[in-house]
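Have a look at the structure below before the remarks.
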Amino acid sequence: MTDLSTLVNHQTRLAARPTGAASRENWRFTAEPVVDPGADGVVVQVLMLSLDPAMRGWMNEGKSYIAPVGIGEVMRAGGVGKVIASAAAEFAVGDYVTGSLGVQEYCALDAGALGRAGLAKIDPGLAPLEKWLNPLGMPGMTGYFGLLDVGQPKPGETVVVSGAAGAVGQMVGQVAKIKGCRVVGIAGGKDKCEFVVRELGFDACIDYKSGSVRDGLKQHCPKGVDVYFDNVGGDILDMVLTRINRGARIVICGAISQYNATTAVQGPKNYLSLLVNRARMEGIVVFDWADRFPEAIREIAAWMAQGRFHSREDVVDGGVAKFPEALNMLFSGENFGKLVLRVADGR
Ligand SMILES: NC(=O)c1ccc[n+]([C@@H]2O[C@H](COP(=O)([O-])OP(=O)(O)OC[C@H]3O[C@@H](n4cnc5c(N)ncnc54)[C@H](OP(=O)(O)O)[C@@H]3O)[C@@H](O)[C@H]2O)c1
Numbered sequence: 024m025t026d027l028s029t030l031v032n033h034q035t036r037l038a039a040r041p042t043g044a045a046s047r048e049n050w051r052f053t054a055e056p057v058v059d060p061g062a063d064g065v066v067v068q069v070l071m072l073s074l075d076p077a078m079r080g081w082m083n084e085g086k087s088y089i090a091p092v093g094i095g096e097v098m099r100a101g102g103v104g105k106v107i108a109s110a111a112a113e114f115a116v117g118d119y120v121t122g123s124l125g126v127q128e129y130c131a132l133d134a135g136a137l138g139r140a141g142l143a144k145i146d147p148g149l150a151p152l153e154k155w156l157n158p159l160g161m162p163g164m165t166g167y168f169g170l171l172d173v174g175q176p177k178p179g180e181t182v183v184v185s186g187a188a189g190a191v192g193q194m195v196g197q198v199a200k201i202k203g204c205r206v207v208g209i210a211g212g213k214d215k216c217e218f219v220v221r222e223l224g225f226d227a228c229i230d231y232k233s234g235s236v237r238d239g240l241k242q243h244c245p246k247g248v249d250v251y252f253d254n255v256g257g258d259i260l261d262m263v264l265t266r267i268n269r270g271a272r273i274v275i276c277g278a279i280s281q282y283n284a285t286t287a288v289q290g291p292k293n294y295l296s297l298l299v300n301r302a303r304m305e306g307i308v309v310f311d312w313a314d315r316f317p318e319a320i321r322e323i324a325a326w327m328a329q330g331r332f333h334s335r336e337d338v339v340d341g342g343v344a345k346f347p348e349a350l351n352m353l354f355s356g357e358n359f360g361k362l363v364l365r366v367a368d369g370r
């Protein structure tokens, strides 16, 4: 068991709410002793953190599906880590775990906080740690359940997904292929488009940064669009709405093009296409499927073992002090694959 009194916990805290894109001024960096979590508590050494577009939303005041991070609080973040002290029956020193660990080096959870953090054991023998933040973690669950339960793809249908090379996009496109669909991605840049076609097996990918999305949809979706899984919102959503089929399902997963907006969020102008096509648009929040995560993890891990599912992670070094710059990579599209911040080498 590690002597907790010898450890210093470096943390990144929210200092001020941003207007537009976040910058270093929005964060405060602290160093504190690691607190003993007491009877039934656990201390986790944070190894890797999941950097998610939603973090930008958690920095804002206002009502959402989850409370905003308070000023002065350690920034909320999902992660993977290793138990270094435990007085809880369910966890032993040396266990690898996932949960809401925060942007910090050590996460001390008392008995009450354990459940709130959603701490769960993971098997690093099944897949490397970063995969537990991507296909076997929150983004994977989002793509899997959002597509299957809400998108309801049928064999032979055309599925379009934006943010195609990203964490959620990788899952959506490959699950749709496994279900027998034609899959067309939308991504920024030649390399990302090549990756989703050559390495992930999508049928085509439209580079929205160098060509017309409208022309790309016409070319690659000759039979129209049955399912659109939207990760980006804005003009791309509007463009896809002009190509949907009767009875199409549009899954509103995210709208990253709007998260740093300083004016009103741009809603879909072409929404009457829903009326004409008797189509449906539905928002999702991944946590609604939390009780079914184990079944999805089992199936995705099996696909990975069979070589039917691939994923790419973009692991950034630099620890919690690098968090501000790393987070912004999501909004410039600098990340290539699921963005992960390495906090420590724990294996
Ligand atoms: N509803 C839920 O429960 C839930 C859960 C997880 C994630 N999400 C949402 O799912 C989406 C994808 O998340 P992720 O974790 O998989 O991120 P990601 O796709 O791995 O990374 C974000 C990507 O967004 C693209 N992007 C950034 N700005 C853009 C813009 N203005 N227009 C178009 N694309 C832009 C960039 O890719 P390019 O280089 O291709 O532009 C960037 O790499 C986000 O909207 C996120 O909020 C929702």
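Residue 370 is where the sequence shown ends in this note's numbering, and the numbering goes up by one at each step. Every residue gets a Cβ at the ideal spot worked out from N, C-alpha and C, and that includes glycine. Just so it is clear, the structure is predicted and the values come from calculations on it, not from any experiment.
query                                                                                                                                                            : result
Between the beta-carbon of T25 and the beta-carbon of I107, is there less than 8 Å?                                                                              : yes
Quick check: what's the CA-CA separation for S233 versus G211?                                                                                                   : 8 Å
Bridge partners for P56 per DSSP, in chain order?                                                                                                                : V31
What residue range does the alpha helix (DSSP H) around T165 cover?                                                                                              : M161 to F168
Going by DSSP, what residues sit across from F252 in a beta bridge?                                                                                              : V184 and V274
What are the boundary residues of the beta strand (DSSP E) that includes C228?                                                                                   : A227 to D230
Using DSSP with H/G/I as helix, E/B as strand and the rest coil, what is M304?                                                                                   : strand
Are the CB atoms of G192 and G186 within a distance shorter than 8 Å?                                                                                            : yes
For the beta strand (DSSP E) that S109 lies in, which residues bound it at each end?                                                                             : G101 to S109
Output needed for A324: all residues of its chain with C-beta closer than 6 Å, excluding positions within five of it in sequence on either side, in chain order. : L149
Quick check on the DSSP output: what are the complete alpha helix (DSSP H) runs of length 4 or more inside the region 274-348, in order along the chain?         : 295-299 and 316-328
So I273 and A227 are in contact, right, with Cβ under 8 Å, and what is the actual spacing, rounded?                                                              : So it is not a contact: roughly 19 Å between Cβ atoms.
On a Cα-Cα basis, can you pick out the residue from V198, G135, V92 and A143 that is closest to T165?                                                            : V198
Using 10 angstroms around the beta-carbon of Y88, count the other beta-carbons present and answer buried if the total reaches 16, otherwise exposed.             : exposed
In this structure, how does DSSP classify V207 when only helix, strand and coil are distinguished?                                                               : strand
Taking 7 Å as the line, does the beta carbon of K361 fall inside it for any heavy atom of ligand 1?                                                              : yes
In terms of residue numbering, what span does the alpha helix (DSSP H) encompassing G192 cover?                                                                  : A190 to I201
Verify whether the separation of the beta carbon atoms of L124 and A140 is less than 8 Å.                                                                        : yes
Using 10 angstroms around the beta-carbon of G163, count the other beta-carbons present and answer buried if the total reaches 16, otherwise exposed.            : buried
The beta strand (DSSP E) spanning G61 covers which residue range?                                                                                                : Note, G61: premise wrong, no beta strand (DSSP E); not H, not E.
Out of curiosity, what's the CA-to-CA distance linking D172 and A319?                                                                                            : 12 Å
Among the residues of its own chain, which have a CB less than 6 Å from the CB of P147, if the five just before and after it don't count?                        : Y119
Which residues share a DSSP beta bridge with Q68?                                                                                                                : K105 and Y129
Using three-state DSSP, classify R221 as helix, strand or coil.                                                                                                  : helix
Using the C-alpha atoms, what's the distance from L156 back to T121?                                                                                             : 8 Å
With a cut-off of 8 Å on the beta carbons, I'd call G169 and F225 a contact; round off their distance for me.                                                    : Going by Cβ atoms, the distance from G169 to F225 rounds to 17 Å, so no, they are not a contact pair.
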